[in-house]
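**Student:** With this note's numbering applied, the sequence shown covers 1 to 173. Where is the CB? At the ideal position from N, CA and C, for every residue including glycine. Small disclaimer: the values here were computed from a predicted structure and weren't measured. Input: one structure, supplied below.
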Amino acid sequence: MAEKETLEEIQEAPRKVKKSVRIAQRKEEIRERKEQMAGKRGAVKASLNNVPTSPRKMRLVADLVRGQKVDRALNILRFDSKVGSEYIEKLLLSAISNWANENEDRKIEDANLYIKEIFVDGGRMLKRLRPAPQGRGHRIRKRSNHITIVIDSLNPADADNTTSDNDNTENEN
Numbered sequence: 001m002a003e004k005e006t007l008e009e010i011q012e013a014p015r016k017v018k019k020s021v022r023i024a025q026r027k028e029e030i031r032e033r034k035e036q037m038a039g040k041r042g043a044v045k046a047s048l049n050n051v052p053t054s055p056r057k058m059r060l061v062a063d064l065v066r067g068q069k070v071d072r073a074l075n076i077l078r079f080d081s082k083v084g085s086e087y088i089e090k091l092l093l094s095a096i097s098n099w100a101n102e103n104e105d106r107k108i109e110d111a112n113l114y115i116k117e118i119f120v121d122g123g124r125m126l127k128r129l130r131p132a133p134q135g136r137g138h139r140i141r142k143r144s145n146h147i148t149i150v151i152d153s154l155n156p157a158d159a160d161n162t163t164s165d166n167d168n169t170e171n172e173n
């Protein structure tokens with residue numbers, strides 16, 4: 001009988017998993033945890049991929065609006081002459097609409113939204129050859145980038161907490 005239990009235990013025991021699979025599972029768990037935490041905080045993300053400007057030029061524009069309130073950032077972007085400001089303005093409007101879809105019970109004006117994070121990563125690079133003197137060719141790199149914006153509210157949604165506090169005070173009286 002003891003042998004039967006050990007066989008069952010052996011069959012039920014988890015198999016050894018490859019290191020690459022364990023790493024992938026761990027990354028997936030971390031990503032899910034981050035998404036859950038972002039949902040609890042009320043932060044909303046919007047991203048734009050393969051924007052045809054160099055990341056260095058786009059970061060100059062991103063630095064202008066990082067940490068700003070949304071209405072001020074929109075004004076800055078609207079009157080900035082750089083090409084990257086048009087892309088970031090569209091992306092910011094998209095992030096605002098994402099926030100409105102996720103928080104249907106709250107008004108955008110009352111939420112006091114601000115840009116929590118904005119970062120620009122390098123994207124795909126197209127490599128071309130341009131003729132150069134003495135039969136040579138110089139490589140031309142046409143860079144692109146990926147932009148990600150995270151917006152959040154300065155006034156956290158405490159509607160549930162305030163109603164429960166009011167109920168408690170009424171019961172005490």
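Would the region 56-74 count as touching the region 23-34 if we require 3 or more Cβ pairs under 8 Å?
**Tutor:** Counting Cβ pairs under 8 Å, fewer than three are found: no touch.
**Student:** Where R143 and M125 are concerned, what is the direct C-alpha to C-alpha distance, given to the nearest angstrom?
**Tutor:** Between R143 and M125, the C-alpha separation is close to 5 Å.
**Student:** Between the alpha carbons of V61 and K107, how many angstroms are there, rounded?
**Tutor:** Cα-Cα distance, rounded: 28 Å.
**Student:** Going by alpha carbons, who is nearest to K90 out of A43, I147, I140 and D105?
**Tutor:** If we check each option's Cα against that of K90, I147 comes out closest.
**Student:** Going straight from the alpha carbon of R117 to that of A46, what length do you get?
**Tutor:** Going by the sequence as given, residue 117 is Glu instead of Arg. Their backbone Cα atoms lie some 11 Å apart in a straight line.
**Student:** So what does DSSP say about A132, is it helix, strand or coil?
**Tutor:** A132: coil per DSSP, three-state reduction.
**Student:** Taking only the alpha-carbon atoms, compute the straight-line gap between T53 and S20 and give it to the nearest angstrom.
**Tutor:** Straight-line Cα distance between these residues: approximately 35 Å.
**Student:** Let me know if P55 comes out buried or exposed under the rule of 16 or more other beta-carbons within 10 Å of its beta-carbon.
**Tutor:** Under this definition P55 is a buried residue.
**Student:** In chain order, which alpha helix (DSSP H) runs of at least 4 residues are fully inside the region 75-126?
**Tutor:** Here the runs fully enclosed are 84-102 and 108-111.
**Student:** Look at the Cβ atom of V150, then the Cβ atom of A43, and state whether they are nearer than 7 Å.
**Tutor:** Cβ atoms of V150 and A43: closer than 7 Å.
**Student:** In angstroms with no decimal places, state the Cα-to-Cα distance between D80 and L93.
**Tutor:** Distance between the alpha carbons of D80 and L93 is about 16 Å.
**Student:** What are the start and end residues of the beta strand (DSSP E) that includes R59?
**Tutor:** Not the beta strand (DSSP E): R59 falls in the alpha helix (DSSP H), residues P55 to V65.
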